[in-house]
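Protein sequence lines correspond, in order, to chains A and B. Read in order, the letters of the first sequence correspond to residues 1 to 355 in my numbering. Read in order, the letters of the second sequence correspond to residues 356 to 566 in my numbering. Have a look at the structure below before the remarks.
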Amino acid sequence: MNARWKFPAVMAAMLPLLMTHARSHASADEPALPVWDPRSNAPGSTGGSLVPFLPPPSEAPARMPSLEKPPTRLFMEDGALQSDDLNLFLQGGPEQARRPASDPVSSPLRELSPARIAGLRSLPRDTWLMDPLALLPAPQSQSLHRLLQYHAANATSRLHLLVIEQDQFLPDQANPGLFAGGALSGNNAALIVCPLGETWRSRFYLGSSLREGVPAHLAAEMIRDCVRDSQLVLDPKQQLQRLAVRASTWLFRLENFLKPAPAQSLRNPLREIAPAINSSAEAPGNLSVLWLPAFGLAFLLSLMLWKHSRRATFPDERIWLLEEPEIVPRLGGAFCGGGGAVLHHGKTGGPRSKA
Amino acid sequence: MNCPHCSTTVVAGAASCPACGFSTPAIRALLGGDWVRLERITDRSQRLSLRDTRHLEVCLDDFERAFPQCFLALYLGPLPDNLTPCDLGFWMLNHGAFQSLQIMKRNEFGIALVLDTLGQRAGITAGYALERHLPPDFLQLLLISVGPRLRKGALASAVESVVAQTARRLKTSARPAPRPAPVQAVVLPGSGLSCFEPLRQRSDSATSLRS
Chain A
1 MNARWKFPAV MAAMLPLLMT HARSHASADE PALPVWDPRS NAPGSTGGSL VPFLPPPSEA
61 PARMPSLEKP PTRLFMEDGA LQSDDLNLFL QGGPEQARRP ASDPVSSPLR ELSPARIAGL
121 RSLPRDTWLM DPLALLPAPQ SQSLHRLLQY HAANATSRLH LLVIEQDQFL PDQANPGLFA
181 GGALSGNNAA LIVCPLGETW RSRFYLGSSL REGVPAHLAA EMIRDCVRDS QLVLDPKQQL
241 QRLAVRASTW LFRLENFLKP APAQSLRNPL REIAPAINSS AEAPGNLSVL WLPAFGLAFL
301 LSLMLWKHSR RATFPDERIW LLEEPEIVPR LGGAFCGGGG AVLHHGKTGG PRSKA
Chain B
356 MNCPHCSTTV VAGAASCPAC GFSTPAIRAL LGGDWVRLER ITDRSQRLSL RDTRHLEVCL
416 DDFERAFPQC FLALYLGPLP DNLTPCDLGF WMLNHGAFQS LQIMKRNEFG IALVLDTLGQ
476 RAGITAGYAL ERHLPPDFLQ LLLISVGPRL RKGALASAVE SVVAQTARRL KTSARPAPRP
536 APVQAVVLPG SGLSCFEPLR QRSDSATSLR S
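Pasting the structure below:
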C-alpha cells in the first residue's frame, strides 16, 4: 500500500473505537448538555437557560432586536400568500388573492333600505355617482365622478350610476325617476344600478327619448357589451369603472338616434312674426318667374338634407357576412401574409406609396 | 401579394421574401414570437384625445356590428427605421390577441392600420380572408385618399374615413344577413324610465337566490 494512504486507512479503522471512548468519557465526567425549554424564553426567567437576559421592551433601544417581537412576516393572515406565491405578480396582487371566493348561490338578496332610497331622492341633481353606502374608496369615486361629469358636459344624455352592495337590489317600488332630485325623470337620462362585484346583475334604466329613439336590439346589445366588458377583470372596482366607461361610450353612439331638440325659433309662437311677414308680402300673382328655380333648388336641398338626416338617424343595421376563401399561407404567417399597402405622407419627402 | 417589408411580389406558399428575406422568424426575432394581448386602439404617441378615442371606438363598434367576422385594429406610435408599418401590421395580425367587441374573432379577418407618427408613414394590412375583398390597389387608393388628412394631423378623421371606405368596399362582396330579434324593455309605471336587465332571471322577492 502506498504510504500516502496509510494514515487515512488507520484513522478510519480507529474511528469507531475513538467515538465509543469519547461517549463513555462524556457520560462519566461532563455535565449534561442543556435542554431547550420554550417556557424559559421569557426575559428574566431563571433555570440555567442559555438565552441571554433582555431588558423589558420599554427599556430596550429602538433598533435592538427583540425576541418578543420576531420579524414580521410579509402577510400575517392565516391562509394568506407566502412570499414566493406567484399571485404577488397578478393584477390586484395579494388583496385580490386574499379576497374570499364569492359563493354565488349561498346568500339571499337584500332590498336597499327605504332610508337609503329616501337619501337618494334628496341628492342634488348633478350627483352623477350615487354611492349611498360609501362602498368605493376616494380615488375610484373621484375617477368615476370625473368620467360621468365629462359625459354630462359633452353628451346629450345624462348618465347616473348607483352603486349598491353585492347582495343588494333595488326594490321595484323605488321610483328611480325621483333619484338625484328628480334629475332622472328627464327624457335623456340613463341610470345604471350596479351591485359591486356582480355587474351581471346590473339594471339599466333609460329615459323615454332614449327608449323610444334607440332600437331595442341596440339597447340590449349595449347592456350585453357593457357587462361582458366589465367581467374581463376581477377587481369589483375595476369592473365598475369598465362598466361606466363602456356605457358612456355607448350612450355617445346612441345619441345618433335621438331626435334633435327643437330650435328656439320654432318654439316661438308664429303670431308674433306674422304681421311683419304680411306687411311685406306680395300678392301670389306678382311672383317673379325667377322665384321658381329658387323654389326648386330649395326643394332639392331640403330633400337631400332629409335623406341625410334619415340616414344618420336610421343607419344601416344589417349584418354582412363574408365568404371564407381557401388560404395558402405566405411568409410563414398563420393569419396574415402581408397583403396591404403603405403610404409616406410626410411633407418633406412628398407622398410616396407602394402596394 | 407583396412583401410587407420591401413590396417585392411573393408567391403563395413562399417561406420568405426572395428579395429581402423577410419572414415570420425574422419579424419574430425583432418583435417577439408570443401572443400579445392588444386593444383595438393602441395610441403610443398620445395623439388622440379622449373624445377622438371615444369616437373611434364607436366607429369600430359600428364596423364590427356590420361585419361580425371582421375587426380593425389601430396602432399609433413611432416606429424604428428598420420597421415598416406593414411589418408591424403583419406581426400584429399574426401575434395579436385583440380586445374587440367579440373576443372570439379570428385574425385572418382582421385589418391592422398602423400610423407611424414619427416617420410620417401609414400602412394597412389585411388578413388572409380579406385579401380577396380588399386587394392591394384598393388599399393603396384608400391610403392616398386619407393622405391629406394625415398630413394635416387629423388622425381620427383619417381613421374614420378608412373604416367607412373599408365597410363600403366590403359590402360590395358580402351578403346581408337578417337582423337579430329585438328585446323588449320593461316600462316602469310613473317614472318615465324603461328598465333593461342583462339577465331575466332576477326574481322579485328578497329571498331569491343568485344564480
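The C-beta atom is built at its ideal place from N, Cα and C for all residues, glycine as well. Treat the numbers as computed from the prediction; the structure is a model and nothing was measured.
- A Cβ-Cβ separation of about 5 angstroms places residue 195(A) in contact with residue 166(A) under the 8 angstroms criterion.
- Between the alpha carbons of residue 241(A) and residue 291(A) lies a distance of about 59 angstroms.
- Among the residues of the segment 320-337 of chain A, those with a Cβ less than 9 angstroms away from any Cβ of chain B are 320, 321, 322, 323, 324, 325, 327, 328, 329, 330, 331, 332, 333, 334, 335, 336, 337, in the order of the chain.
- No residue range can be given for residue 324(A), since it is assigned to no alpha helix (DSSP H) and is classified by DSSP as neither H nor E.
- Residue state for residue 429(B) is assigned as strand, using DSSP reduced to three classes.
- According to the DSSP assignment, residue 246(A) belongs to the alpha helix (DSSP H) that extends over 236-254.
- Interface criterion met: the Cβ of residue 487(B) is under 8 angstroms from a Cβ in chain A.
- Of the candidates 230(A), 226(A), 253(A), 181(A), 253(A) places its Cα closest to the Cα of residue 215(A).
- Cβ contact annotation for residue 338(A) (same chain, cutoff 8 angstroms, sequence separation greater than five): 330, 331, in chain order.
- Residue 410(B) and residue 494(B) have their alpha carbons spaced roughly 23 angstroms apart.
- Distance from the CA atom of residue 362(B) to the CA atom of residue 529(B), rounded to whole angstroms, is 28 angstroms.
- Setting aside the 5 residues that flank it on each side, residue 127(A) is surrounded in the same chain by 180, each with a C-beta closer than 7 angstroms to its C-beta; the list follows chain order.
- Contacts between residue 523(B) and chain A, judged by CB atoms closer than 8 angstroms, are missing: the closest CB pair is about 11 angstroms apart.
- In this chain, residue 33(A) is not harboured by any alpha helix (DSSP H), its DSSP state being neither H nor E.
- Rounded to whole angstroms, the separation of the alpha carbons of residue 407(B) and residue 226(A) is 20 angstroms.
- Residue 154(A) belongs to the set of residues whose beta carbon lies under 8 angstroms from a beta carbon in chain B.
- Residue 395(B) sits in coil when the DSSP states are folded into three classes, being neither helix nor strand.
- Along the segment 158-194 of chain A, the alpha helix (DSSP H) occurs as fully enclosed runs of 4 or more residues at 179-182, listed in sequence order.
- The segment 410-423 of chain B makes no contact with the segment 292-307 of chain A: fewer than 3 CB pairs, one atom from each, lie closer than 8 angstroms.
- Across the segment 432-452 of chain B, CB contacts with chain A closer than 7 angstroms involve 439, 440, 441, 444, 445, 448, 449, in sequence order along the chain.
- For residue 377(B), the residues of chain A that pass the 9 angstroms Cβ criterion are 331, 338, in the order they occur in the chain.
- Contact check for residue 431(B) against residue 510(B) passes: the beta carbons are separated by less than 8 angstroms.
- Close partners of residue 515(B) in chain A (Cβ separation under 7 angstroms) are lacking, with about 13 angstroms as the shortest Cβ gap.
- When C-alpha distances from residue 450(B) are compared across 374(B), 392(B), 360(B), 520(B), the shortest belongs to 392(B).
- Per DSSP, residue 487(B) lies in no beta strand (DSSP E) and is assigned neither H nor E.
- Secondary structure in the segment 199-226 of chain A: the alpha helix (DSSP H) runs of 4 residues or longer, each lying completely within the stretch, are 208-213 in chain order.
- One finds nothing in chain B with a Cβ atom closer than 8 angstroms to the Cβ of residue 213(A); even the nearest lies about 12 angstroms away.
- Sixteen is the threshold: when 16 or more other Cβ atoms of the shown chains lie within 10 Å of the Cβ of residue 416(B), as they do, the residue is buried.
- Under the three-state reduction of DSSP output, residue 371(B) falls in the coil class, being neither helix nor strand.
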